[in-house]
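Undergrad: Just dropping this structure here.
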Amino acid sequence: MTHHKCKHCGNTYHWSHAFAKFGYDDGDGKIETPHIAQILKRAGYTVHFSRWSPHNTLIYSIQKEGIEFMPLNSLQYRIGYDDPKKYLPENIQGILNSKIPPPVIFH
Numbered sequence: 076m077t078h079h080k081c082k083h084c085g086n087t088y089h090w091s092h093a094f095a096k097f098g099y100d101d102g103d104g105k106i107e108t109p110h111i112a113q114i115l116k117r118a119g120y121t122v123h124f125s126r127w128s129p130h131n132t133l134i135y136s137i138q139k140e141g142i143e144f145m146p147l148n149s150l151q152y153r154i155g156y157d158d159p160k161k162y163l164p165e166n167i168q169g170i171l172n173s174k175i176p177p178p179v180i181f182h
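Each position in the sequence shown, counted from 1, maps to that position plus 75 in this note's numbering.
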């Protein structure tokens, strides 16, 4: 699993935090959801996210060419609770994995 290291606090995070109600330390950490959304927007997706007060800011919609890729009305997956690696298409995961580099332990 690839992670990204926060340049401010040194903590590592995975892009899946942007899809989790309790991600980024339940919204108390450095929230990188806008950064994750921007990666997808640059790849041509329309992305919507908002704060799940008092919890994390999370992505709830990813669309491209009229197709929704988030499980909005799914009985199988719940946005904010289930691992996005289970429901996001591989191409979206590939974009995120390629843009969020692994952490650097030693400089």
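Think of the CB as a built atom: it goes at the ideal place given N, C-alpha and C, for glycine as much as any other residue. Just so we're clear, the structure is a prediction, and the values are computed from it rather than from any experiment.
(1) From 149, 127, 103 and 132, pick the residue whose C-alpha is nearest to that of residue 112; which is it?
(2) I want to know whether the region 113-126 touches the region 156-163 - three or more CB-CB distances under 8 Å.
(3) Verify whether the separation of the beta carbon atoms of residue 108 and residue 118 is less than 7 Å.
(4) Assuming the contact rule is C-beta atoms closer than 8 Å, residue 137 and residue 171 should be a hit. Round their C-beta distance to whole Å, please.
(5) Looking at the unbroken alpha helix (DSSP H) that takes in residue 115, where does it start and where does it end?
(6) Give the secondary structure of residue 124 by DSSP, where H, G and I count as helix, E and B as strand, and everything else as coil.
(7) Can you look up residue 139 in the DSSP assignment and give me helix, strand or coil?
(8) Along the chain, where does the alpha helix (DSSP H) containing residue 175 start, and where does it finish?
TA: Once the coordinates are examined:
(1) Here the question's residue 112 lines up with position 37 in the sequence shown. It is 132 whose Cα lies nearest to the Cα of residue 112.
(2) Not touching, per the Cβ criterion.
(3) Looking up residue 108 in the sequence shown gives position 33. Looking up residue 118 in the sequence shown gives position 43. It is not a contact, given that the beta carbons lie outside the stated cut-off.
(4) By one-based count along the sequence shown, residue 137 stands at place 62. By one-based count along the sequence shown, residue 171 stands at place 96. With 8 Å as the limit, residue 137 and residue 171 do not qualify as a contact, their Cβ atoms being about 11 Å apart.
(5) Locating residue 115 in the sequence shown gives position 40, where the first residue counts as 1. Segment 108-117, the alpha helix (DSSP H) holding residue 115.
(6) Sequence index remark: in the sequence shown, residue 124 carries index 49 (1-based). Residue 124: strand per DSSP, three-state reduction.
(7) Here residue 139 refers to the residue found at position 64 when the sequence shown is read from its first residue. In this structure, residue 139 counts as strand in the three-state DSSP scheme.
(8) As a working note, residue 175 is residue 100 in the sequence shown. From DSSP, residue 175 is part of no alpha helix (DSSP H); its letter is neither H nor E.
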